[in-house]
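Heads up: the sequence shown begins at -16 in this note's numbering, then just goes up one per residue.
Using N, Cα and C, we set each Cβ at its ideal position, and we do this for glycine too.
As structure tokens, the structure follows; a few thoughts come after it.
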Amino acid sequence: MPENRSIDPASVDALKKAKAENIETVWDRYDAMQPQCGFGELGICCRICNMGPCRIDPFGEGPQEGVCGANADTIVARNLARMIAAGAAAHSDHGRDVANTLILAAEGKTDAYKVKDIQKLRRIAEEYGINTSGKDDSKIALEVGKAALVEFGQQEGELKFAKRAPQKRQELWRKLGIMPRGIDREIVEMMHRTTMGVDNDYKNIIGQGMRTSLTDGWGGSMIATELQDILFGSPKPIRANVNMGNLREDEVNIIVHGHEPTLSDVVVAASRDPELLELAKKYGAKGINLGGICCTASEILMRHGIPVTGNFLQQELAVITGAVDLMMVDVQCIMPSLSNITKCYHTKLVTTSPKCKIPNVTHVEFHEEKAYETAKEILRMGIENFKNRKKNAIQIPSNTKGFIAGFTAETAFNILGGRYRSTYRPLNDAIISGRLRGAAGVVGCCNPNIKHDWAHLTMIKELIKNDVLVVTTGCSAIAAAKVGLLDPEEGKRFAGRGLQEICEAVGIPPVLHLGSCVDNSRILIVLSNVVKEGGLGDDLSDLPVAGAAPEWMSEKAVAIGFYVVASGVFTIFGTPQPVLGSKNVTRYLCDDLEKIVGGKYAFEADPVKAARLMIEHMNKKRAALKLAPVMYEEGSLKKEKVAISA
Ligand code: NFS
Ligand code: SF4
-16 MPENRSIDPA
-6 SVDALKKAKA
4 ENIETVWDRY
14 DAMQPQCGFG
24 ELGICCRICN
34 MGPCRIDPFG
44 EGPQEGVCGA
54 NADTIVARNL
64 ARMIAAGAAA
74 HSDHGRDVAN
84 TLILAAEGKT
94 DAYKVKDIQK
104 LRRIAEEYGI
114 NTSGKDDSKI
124 ALEVGKAALV
134 EFGQQEGELK
144 FAKRAPQKRQ
154 ELWRKLGIMP
164 RGIDREIVEM
174 MHRTTMGVDN
184 DYKNIIGQGM
194 RTSLTDGWGG
204 SMIATELQDI
214 LFGSPKPIRA
224 NVNMGNLRED
234 EVNIIVHGHE
244 PTLSDVVVAA
254 SRDPELLELA
264 KKYGAKGINL
274 GGICCTASEI
284 LMRHGIPVTG
294 NFLQQELAVI
304 TGAVDLMMVD
314 VQCIMPSLSN
324 ITKCYHTKLV
334 TTSPKCKIPN
344 VTHVEFHEEK
354 AYETAKEILR
364 MGIENFKNRK
374 KNAIQIPSNT
384 KGFIAGFTAE
394 TAFNILGGRY
404 RSTYRPLNDA
414 IISGRLRGAA
424 GVVGCCNPNI
434 KHDWAHLTMI
444 KELIKNDVLV
454 VTTGCSAIAA
464 AKVGLLDPEE
474 GKRFAGRGLQ
484 EICEAVGIPP
494 VLHLGSCVDN
504 SRILIVLSNV
514 VKEGGLGDDL
524 SDLPVAGAAP
534 EWMSEKAVAI
544 GFYVVASGVF
554 TIFGTPQPVL
564 GSKNVTRYLC
574 DDLEKIVGGK
584 YAFEADPVKA
594 ARLMIEHMNK
604 KRAALKLAPV
614 MYEEGSLKKE
624 KVAISA
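Right, dumping it as structure tokens:
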């Protein structure tokens, strides 16, 4: 039943259309895959060498060791660590590409990009220890790009941005031997250690797993975020619309999907090119309408206010509307099924990255040097495809919602500090006084194993009702936008009284969209700034905060989960990571780690229960900091006008 698959009415509509047209979606394939492999779910199958594949009998009757003698603990830890390595690799490779683009721009090898945020360029240059005096912007940009690239290949020392973490955290990482040295180095070492016959100590494997994840959060992802801000401009609060109702019957609909904004940012500019607009008219379209899916969407949303068509599970559904003239994909989270599904409609699918090709799909390779021409070429293909629409096969759901995005570590809390003072003081004071209980990051994917958007929204609502300020990114943010949680007026209705007061005083929604998944690094920066501001302890693990990925699916989510935990934050995953086949590893992640790094995991599929665990954790941290009790009774939504000092 479509209604059981998603709580988003637009998605349900599209699913009904799919059913009527006999089109298979990710949900059908998920059903067909049942029952899924229990060994895989528990993490106890190993294919690392050719003596295997091996699997451990979870009931204790069959083999308890692989052919080489590896037990469940080793196998589970190795598999998990490889997920972290893959996730960190994806985010970091993205960061590397951005650094390369910055270098090309600085060298004048591309006209499509130039430094947009000079202030940030100078700030980052300073952080990298680059002497900026007497140098022009492109010289500085060149040096920053090169310094960022060094972080990838660095063999010794420490990642520069790890120094943004509180002093105490850095010391802990050093003491534990998990301070990341170089991005590629940690990922390679993780792969080495988990190959046949190397690291068999699950604690040691997970230690390197944490170090690898830290190269993502405080390395590759943070580099991606910061350098994108330099190149494409730092986001500022911006109004936009979300959901499939943004597709236009009378305009050429172009969807950008994937993760890297390098090409899509130029597509935004090219979509306003008079020559192309003229061409669109010639083909009978009123204009060119861009929309985004997944994190590429968040990138161009944050900087240009381009509408978001949907999150991960809506990539097929958008095509099923019959109204998408062209879908352009770059890397990550792109379902191979798009190839078949686009063939059932008139939609033209185009791959653009040499890293991501799909058989029998048009490939227009993107190179920074001729980005604008490539963007125009792809748009032209979309425009020319407009005439091939099957008018009676088009059915665009009516749903759209307005919202605000574009918050960053700089903007979100500058607003809280009053427009001209850039300080975290008011945020800290709000937490200290108990007007806010704490803050939570609700992030991550959607997954057909749980009702689409449901867990995100249920969890977020429970949190904000209890005066927890929520920050969100990626597909979770898109889910929240669709129901008005990112709209200051609508969202406020769901917030508890204390949070409501904050929202009203500053004009922000109770849930702040911080961007794409690499922008989870912004959350780390926010938390570090909060510690620095003072009054809430001296380490990230002291803060009344928690993280969650209630509908996760990607390896990237595992990498993120680990860098958040290794940074000292309690983190909940909806469905468990594939570790339950080892009691030791499970206990290590969900219990022991707290004594080691201050953060730990919980796996809880019920989003209300999960939110309660997060709230309990915040209460515990508040008590440890000897903070005042929270100001308002739980769930007290009633408000009078109150003057607030925060
Ligand atoms: Ni994040 Fe972005 Fe979405 Fe999950 Fe995929 S789009 S990087 S991985 S599915 S949140
Ligand atoms: Fe089996 Fe060990 Fe080879 Fe894994 S590494 S496949 S457990 S023999």
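Residue(s) in a DSSP beta bridge with residue i
i: residue 236; result: 272
i: residue 222; result: 387
i: residue 54; result: 48
i: residue 334; result: 312 and 346
i: residue 339; result: 336
i: residue -11; result: 435
i: residue 496; result: 455
i: residue 28; result: 38
Close Cβ partners of residue i (< 6 Å) along its chain, the five nearest in sequence each way excluded
i: residue 604; result: 527
i: residue 625; result: With a pLDDT of only 43 at residue 625, under 50, the local geometry of the prediction cannot be trusted, and the value read off the model is given with reservation. The residues are 484.
i: residue 421; result: 451, 527, 528 and 601
i: residue 207; result: 77, 78, 81 and 501
i: residue 423; result: 446, 451, 453, 529 and 597
i: residue 392; result: 505, 508 and 509
i: residue 370; result: 266
i: residue 307; result: 236, 238, 301 and 330
i: residue 372; result: 329
i: residue 459; result: 425, 426, 427 and 439
i: residue 259; result: 362
Same chain, Cβ closer than 7 Å to residue i, neighbours up to 5 away in sequence not counted
i: residue 348; result: 335 and 337
i: residue 441; result: 590 and 591
i: residue 165; result: 134, 135, 136, 137 and 138
i: residue 327; result: 6
i: residue 35; result: 29, 49 and 50
i: residue 57; result: 183 and 185
i: residue 539; result: 70, 73, 74 and 500
Beta-carbon proximity of residue i to residue j, cut-off 8 Å
i: residue 492; j: residue 387; result: yes
i: residue 193; j: residue 541; result: no
i: residue 417; j: residue 614; result: yes
i: residue 245; j: residue 115; result: no
i: residue 312; j: residue 339; result: yes
i: residue 52; j: residue 89; result: no
i: residue 314; j: residue 242; result: yes
i: residue 647; j: residue 99; result: This structure cannot settle anything about residue 647, because the visible part of the chain is limited to -16 through 629.
i: residue 283; j: residue 289; result: yes
i: residue 31; j: residue 61; result: yes
i: residue 64; j: residue 173; result: yes
i: residue 640; j: residue 455; result: Here the chain covers residues -16 to 629 and nothing more, so residue 640 does not appear.
i: residue 449; j: residue 479; result: yes
i: residue 465; j: residue -9; result: yes
i: residue 195; j: residue 71; result: yes
i: residue 344; j: residue 364; result: no
i: residue 142; j: residue 86; result: no
i: residue 103; j: residue 209; result: yes
i: residue 396; j: residue 496; result: no
i: residue 382; j: residue 564; result: no
i: residue 377; j: residue 304; result: yes
i: residue 468; j: residue 494; result: yes
Minimum Cβ-Cβ distance from residue i to chain C less than 8 Å
i: residue 607; result: In summary, chain C is missing from the structure at hand, where a single protein chain is found.
Same chain, Cβ closer than 8 Å to residue i, five either side skipped, listed in chain order
i: residue 611; result: 415, 416 and 417
i: residue 234; result: 263, 268, 269, 270, 271 and 272
i: residue 516; result: 406, 407, 408, 410 and 411
i: residue -12; result: -6, -5, -2, 10, 431, 434 and 435
i: residue 94; result: 355
i: residue 521; result: 149, 150, 151 and 514
Item to check | Complete beta strand (DSSP E) runs within the region 343 to 425 (minimum length 3 residues, chain order) | outcome: 384 to 388 and 421 to 425
Item to check | Minimum length 3: unbroken beta strand (DSSP E) runs contained in the region 526 to 583 | outcome: 528 to 532 and 553 to 556
Checklist entry - What are the complete alpha helix (DSSP H) segments, minimum 4 residues, inside the region 282 to 309? => result 298 to 303
Item to check | In chain order, each beta strand (DSSP E) run of at least 3 residues that lies wholly inside the region 580 to 613 | outcome: 584 to 586
Item to check | Residues proximal to ligand 2 by C-beta, any heavy atom closer than 5 Å | outcome: 29, 31, 32, 34, 35, 37, 49, 50, 51, 53 and 179
Checklist entry - What residue ranges within the region 429 to 492 form continuous alpha helix (DSSP H) runs of no fewer than 4 residues, ordered along the chain? => result 437 to 448, 457 to 465, 471 to 475 and 480 to 489
Item to check | Ranges of the beta strand (DSSP E) found wholly within the region 38 to 125, counting only runs of at least 3 | outcome: none
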